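Residue numbers (the numbering used here), protein chains in the order written: chain A, 1 to 115; chain B, 116 to 229. These notes concern the structure reproduced below.
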């Protein structure tokens, strides 16, 4: 049981390049989230998904797109990378229900640098 | 939307002392308040959470208190140890909506001096 995994772990892009970050979870969770973490700013929600085939915008969606074609995978795309997108990206998943089921499980993160 | 403020941004204590981190939230509909611990270079991990129908919850050396009227909640760590050194994040969210998204505070870097 790997939990939540992310690929790649590190990436350096030049301005204008594109890339896709992959998040996978093996816990059969319905909900998946993409966050970015910048120094002194906590985690900010980029996009999220409440189930296979659904996606929705979070707090900071501009410049990103997402897809959830399979329940276990949530992809984050950058079509034209900008230096402002230099950050650590975390994926998380959770299951519906109350109490402990509200816990979000995080992946190990992807450190992205855009030069 | 929800706004979560967290204080202090850094906190240094002596080993064995207590540490308190405070958060306020703005959306009265929020009903779930988790605390995450993030060690350097690692992923955030849940250490304790509380729902809005409970005023206090304790798990060994850590406890969380919630004041719904004032819209603030706090993390208390007693008998701190060097391994408690990390960044701690509070968060708030409404788990009764389809979104079930969390809004995070900006984090508190806790340093426990041996």
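Ideal Cβ positions, reconstructed from N, Cα and C, are used throughout, including at glycine. Quick caveat: nothing in here was measured; it's all calculated off a predicted structure.
With respect to the 8 Å criterion, residue 78 of chain A and residue 34 of chain A are not classified as neighbours on the basis of their beta carbons. Annotation: residue 174 of chain B has no Cβ neighbours in chain A at a cutoff of 8 Å; minimum Cβ distance is about 12 Å.
Distance from the CA of residue 157 of chain B to the CA of residue 106 of chain A, rounded to the nearest whole angstrom, comes to 10 Å. Secondary structure of residue 149 of chain B (DSSP, three-state): strand. Straight-line spacing of the CA atoms in residue 199 of chain B and residue 147 of chain B works out to 23 Å.
Separation of residue 151 of chain B and residue 14 of chain A (C-alpha to C-alpha, rounded to the nearest whole angstrom) is 33 Å. Contact between residue 110 of chain A and residue 43 of chain A is absent: CB atoms are separated by about 14 Å, not below the 8 Å threshold.
The beta carbons of residue 66 of chain A and residue 86 of chain A sit no closer together than 8 Å.
Distance from the CA of residue 31 of chain A to the CA of residue 211 of chain B, rounded to the nearest whole angstrom, comes to 13 Å. According to DSSP, residue pairing for residue 62 of chain A in a beta bridge does not occur. Per DSSP, residue 11 of chain A is one residue of the beta strand (DSSP E) stretching across 10-13.
Taking a cut-off of 8 Å on C-beta distances, the segment 130-139 of chain B touches the segment 189-196 of chain B, as three or more cross pairs fall below it. Counting only residues of its own chain and dropping the five nearest sequence neighbours on each side, residue 83 of chain A has a CB closer than 8 Å to the CB of 15, 114, 115. Chain A has no Cβ within less than 8 Å of the Cβ of residue 185 of chain B. Taking C-beta separations shorter than 8 Å and ignoring five residues to either side along the sequence, the partners of residue 1 of chain A in its chain run 26, 27, following chain order. With a cutoff of 8 Å on beta-carbon distance, residue 216 of chain B and residue 208 of chain B are scored as near each other. Residue state for residue 200 of chain B is assigned as coil, using DSSP reduced to three classes.
Legend: CB atoms of the segment 100-112 of chain A lying less than 7 Å from CB atoms of chain B belong to residues 102, 103, 104, 106, 107, 108, 109.
Between the alpha carbons of residue 185 of chain B and residue 204 of chain B lies a gap of roughly 19 Å. Interface annotation, residue 222 of chain B: in contact with chain A, CB-CB separation under 8 Å. Taking C-beta separations shorter than 7 Å and ignoring five residues to either side along the sequence, the partners of residue 172 of chain B in its chain run 163, 165, 178, 179, following chain order. At a cut-off of 8 Å between C-beta atoms, residue 67 of chain A does not count as an interface residue with respect to chain B. With fewer than 16 other beta carbons inside 10 angstroms of its own, residue 54 of chain A counts as exposed. Rounded to whole angstroms, residue 161 of chain B and residue 136 of chain B show a C-alpha spacing of 15 Å.
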